[in-house]
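Chains as they are written, first to last, in my numbering: chain R, 198 to 669; chain V, 55 to 449.
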Amino acid sequence: MACTSIRPSPGSPLDLSRPPEAAGSPEERALALEQENLRLRRICASLIERVEAGSTVGGAPYAAFEHTVLLAEQVRERTEALQQTLLELHQAKAEAEAANHSKTRFLAAVSHDLLQPLNAARLFTCALEEHDLPDPSRRLVGNVARSLKDVEALLGTLVDISRLDAGLLKPDKAPFRANELLDVLAEEYRQMASVCGLTLRYVASQEMIESDLALLARVVRNFLSNAIRYTQQGRILLGCRHRPGGLEIVVGDTGPGIEEAHQQAIFQEFRRLGNSVDERDRGLGLGLAIVDRISAMLEHPLRLVSRPGHGALFSILVPYAGATRVAANRAEPKPRYDSAAPSIGGTVWVIDNDRAIREGMEALLCGWGCRVVTAASLGEIDGQGRESPPDILLIDYHLSDMACAEDGIAVAVKLRQRCPGLPVVLITANHDAALKVRARREGFDCLLKPLKPLRLRMLLLQRLASVRAERG
Amino acid sequence: MDPCAVKPEGRGHRAVEPALRTAFSEQHDPESAARELAEALASPELGFVLFFCSAEYALDDLGSAMREAFSGVELAGCTTAGEITPKGYCRGCIVAIGFGRRRFSLSCALIDDLAAFDLIQAQRLIGGLLENCRSLASGDHVGNRFVMTLLDGLSSSEEEVLATLDTALGSIPSFGGSAGDDNRLAHTHVFFDGRFHSDAAVVVMFHTPLPFEVFTAHHLRPQAMKLVVTRADTERRRVLELNAAPAAEEYARLVGMSLEALTPDIFARHPLAVRIGEHHYVRSIQRVNDDGSLSFYCAVENGIVLTAMRPAPLLDELESVLAGLRQRLGEPALILGCDCFLRRLELESLGQVAEASRLVGRAGVIGFNTYGEQYHGMHLNQTFTGVAIGSLPPT
Chain R
198 MACTSIRPSP GSPLDLSRPP EAAGSPEERA LALEQENLRL RRICASLIER VEAGSTVGGA
258 PYAAFEHTVL LAEQVRERTE ALQQTLLELH QAKAEAEAAN HSKTRFLAAV SHDLLQPLNA
318 ARLFTCALEE HDLPDPSRRL VGNVARSLKD VEALLGTLVD ISRLDAGLLK PDKAPFRANE
378 LLDVLAEEYR QMASVCGLTL RYVASQEMIE SDLALLARVV RNFLSNAIRY TQQGRILLGC
438 RHRPGGLEIV VGDTGPGIEE AHQQAIFQEF RRLGNSVDER DRGLGLGLAI VDRISAMLEH
498 PLRLVSRPGH GALFSILVPY AGATRVAANR AEPKPRYDSA APSIGGTVWV IDNDRAIREG
558 MEALLCGWGC RVVTAASLGE IDGQGRESPP DILLIDYHLS DMACAEDGIA VAVKLRQRCP
618 GLPVVLITAN HDAALKVRAR REGFDCLLKP LKPLRLRMLL LQRLASVRAE RG
Chain V
55 MDPCAVKPEG RGHRAVEPAL RTAFSEQHDP ESAARELAEA LASPELGFVL FFCSAEYALD
115 DLGSAMREAF SGVELAGCTT AGEITPKGYC RGCIVAIGFG RRRFSLSCAL IDDLAAFDLI
175 QAQRLIGGLL ENCRSLASGD HVGNRFVMTL LDGLSSSEEE VLATLDTALG SIPSFGGSAG
235 DDNRLAHTHV FFDGRFHSDA AVVVMFHTPL PFEVFTAHHL RPQAMKLVVT RADTERRRVL
295 ELNAAPAAEE YARLVGMSLE ALTPDIFARH PLAVRIGEHH YVRSIQRVND DGSLSFYCAV
355 ENGIVLTAMR PAPLLDELES VLAGLRQRLG EPALILGCDC FLRRLELESL GQVAEASRLV
415 GRAGVIGFNT YGEQYHGMHL NQTFTGVAIG SLPPT
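Here is the structure:
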């Protein structure tokens, strides 16, 4: 072998980074350099061989190792870059969420403050409508009532959209029969349709589905009111289709239809197509934007099928209820109210820290033939209500001010300890699902502000009827 | 029988049915050793047992004893160059981990012809393991997978088998160790399907909802000196010349020792590494041959550049690795560790075994001293490589 003839310096290995130290006679140095030169040439040749071989995949074992290392290195670098990007995205998202959150809190606070007087005004007008009024005044009162209702609807929509965007509205899913929801809606919209000269065809289904009843109702209502709004003549269809993935609730119309190009855009905020039938319609074009958000939150897919001139078909796919859970009858009683209805009677205690609301309630409830005791706190009502024990309690959730540190639920729980079985209706502007759950756990009913007088009346009738039944 | 010889690991006993149990036995008689392990690991939950044993055991007897003691439970394992038990570093004993069915679905396969192992076989093997894990996992068993490889440490085919396996594994993380034989360099074995095999590899796939981290770490720092391989016997993993001089001589000059003084202990303290990208990968020397060449534990080739490395304090590095794992995963339920036997030699020559035992014992490391480690398809030397498994599923 060539290498065995080379005698490297005995002391240290070949240092590739610096030349050997000069020592000995010129002949010895020349020999040493010659030997070193020879070695360097061999090293050079090996390196050239290696470089030229490259890291051939599937070649020698070392190449396999090198290839794996390079691959792992690449993966590591990419993972790091990806993690960095994710981190930045995460931060940006957190900042955006914080900004959105504070906006939502502001909006919620403003709307809460607006809802209070609005609520009072609605109660006053309702009470006023009960009075015997001359016709011109009755019309004026009616107009006031409608305007207030519009303001309320707009405000509610704005609050909802901000809440949906901020992820504050949490769905409260439960199983129920499709017709429990749709019967009511069909009845309601049949009348609206006939006013506009349209017929509504309704195909009922008894299928058990699982969803948030209130949110799903909003979606279907929105479909129905859009269908009526945009259809000049013909029919509206409300029905269900059994799909493998769930029950598809369908609203179809014979209106002008929607061009393919617009089918995405109508789900965005403030977008409306310019062919509304009703000139007085004052909507903001937020309806389908809300529908889109609700559908995303409930994870119920939406579908739109439409051809210009051939009507439109909106649908939402709701999963079937799991077989294990059997639904209690959650159907909202059909609110059918006419002024000739018999008086309700009974003693109603009202606890609310807002004087205007108390007065509005008193006016409304007295109009329904109830005895009413109002107070701002539990202490106060104890003084006033000694004479007439309550048949039912209406209590505002948001009591906490100087006078009362507890919220409505806590106060109601206390009162109920004294009056076992007392029906409690909690009234709140807080749309938090957790609150609803808390109220439900106590067996309380929950009504949201702004209070719908019709709904309150139905609830009072129902609860008082069962109280009377118990008492025999 | 000494009841203290078998110590089911303390932390596992807090839960009613722990997901993991560990045990070890210092009995030399295969039957008694297997019986002790079986008693300590016995549980209706027990689904799989992984064990690491000294090559001093009569392996045929140990194989049948284990098969009998754990009848109905799948087993995999390998021989070692030292064991890591709940008590720390041991020799001449057997250590085992029992995996509960509720938290772990394990499935394993054997590669019995390493030289012929190709991508088609690899894909079939991994596909089978995935399928098996899926069928074992109960319906709501969500989680992630990782793979542990146990290779015959003297087979000289780690690099290619691992590269092929890694391609088939895709994004599933993997790690492992090469079986040892108490530094005799004669026969190393892996255990599969009731018996020991040589020139073979066992691939174990884990599926668990518990968090885990596959890791590798070493404590070696590059020096200025470079050695170029100018002649190599690729097939036998031998370097004949370094810097155009006989390899052993040039290495002896590097470390400032005579040829006769070159022992594994010196190899451990003066390692050589290749640099790829920004990282150094140690290529460990196995022994000096009579012809003045050096045998390596890994693939070598003409023209590769070796960098001289020096160890930093091993215990400091070990402590920081374990602390990092604890910080990221919480208190680990188990660290399955493949610790290069050269690290063990370094600890022994520095008199730090007891201190290291205390560290790994406290951290819950169970494993063995290897003739090479595997990490994401890479064949490594002189590292501490493994997987740390957290105690609680991520919420």
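Using N, Cα and C, we set each Cβ at its ideal position, and we do this for glycine too.
Model, not experiment: these values are computed from the prediction.
Look at V/K141 here: in three-state DSSP terms it is coil, with no helix or strand label. For the stretch 318–345 of chain V, the residues whose beta carbon sits under 7 Å from a beta carbon of chain R are, in order, I330, G331, Y335. Take R/L485, set aside five residues on each side of it, and the residues of its chain with a beta-carbon closer than 6 Å to its own are I463, F464, in chain order. Residue range 223–250 is occupied by the alpha helix (DSSP H) that includes R/N234. For the stretch 185–229 of chain V, the continuous beta strand (DSSP E) assignments of 3+ residues that do not extend past its boundaries occur at 198–205, in sequence order. Secondary structure note for V/N237: it is in no beta strand (DSSP E), with a DSSP letter that is neither H nor E. Looking only at R/G542, R/E233, R/V488, R/R319, the smallest Cα-Cα distance to R/A662 is reached by R/G542.
Around the beta-carbon of R/G431, fewer than 16 other beta-carbon atoms lie within 10 Å, marking it exposed. Taking the CA atoms as reference points, V/L74 sits about 16 Å from V/G197. Judged by DSSP in its simplified three-state form, R/R615 adopts helix. Using a Cβ-Cβ cut-off of 8 Å, R/R438 does not count as an interface residue toward chain V, since no Cβ of chain V sits closer than that to its own.
For V/N423, the secondary structure class from DSSP, reduced to helix, strand or coil, is strand.
Here the alpha carbon of V/R199 sits roughly 19 Å from the alpha carbon of V/I420. Sixteen is the threshold: when 16 or more other Cβ atoms of the shown chains lie within 10 Å of the Cβ of R/K646, as they do, the residue is buried. Inclusion of V/C392 and V/G231 in the CB contact set at 8 Å is warranted, their separation being smaller than that value. Straight-line spacing of the CA atoms in V/P98 and V/P263 works out to 20 Å. V/D220 reaches chain R at T265, L268, A269, counting residues in chain order whose Cβ is nearer than 9 Å. Residue-level contact check: R/Y517 does not touch chain V, since none of the beta carbons of chain V fall below 8 Å from its beta carbon.
For R/A371, the closest alpha carbon among the candidates R/A630, R/A278, R/C616 is that of R/A630.
Proximity of the stretch 206–223 of chain V to the stretch 164–176 of chain V meets the contact definition, three or more beta-carbon pairs being nearer than 8 Å. Not flagged as an interface residue toward chain V: R/I425, since no C-beta distance is shorter than 8 Å. Per the DSSP secondary-structure output, R/R500 pairs in a beta bridge with R/S512. Looking at the DSSP output, V/F153 shares a beta bridge with V/L74, V/F102. Runs of the alpha helix (DSSP H) lying entirely within the stretch 330–389 of chain R and spanning at least 4 residues, in chain order: 332–362. Under the 8 Å criterion on CB atoms, R/R275 is classed as non-interfacial with respect to chain V. Within the stretch 262–283 of chain V, the residues whose Cβ lies closer than 9 Å to any Cβ of chain R are, in chain order, A278, M279, K280, L281, V282, V283. For the stretch 410–436 of chain V, the beta-carbon criterion of a distance under 7 Å to any beta-carbon of chain R is satisfied by H430, G431, M432, H433. Less than 8 Å divides the Cβ of R/D593 from the Cβ of R/G605. A direct Cα-Cα distance of roughly 35 Å separates R/L235 from V/L396. Burial check for R/E457: the Cβ neighbour count within 10 Å stays below 16, so the residue is exposed.
Look at the stretch 328–413 of chain V and you find these whole runs of beta strand (DSSP E), each 3 residues long or longer: 333–336, 339–342, 348–350, 359–365, 386–394. Look at R/E225: its C-beta is not under 8 Å from any C-beta on chain V. Between V/C162 and V/V258, the beta carbon gap of about 4 Å places them in contact (Cβ cut-off 8 Å).
Against chain R, a Cβ distance below 8 Å from V/E213 picks out P258, Y259, A261, F262, T265.
In the DSSP annotation of this structure, the continuous segment of the alpha helix (DSSP H) that includes V/Y305 starts and ends at 301–309.
Apart from sequence neighbours up to five positions away, the residues of its chain that approach V/I320 with a beta-carbon distance below 7 Å are V309, M311, ordered along the chain.
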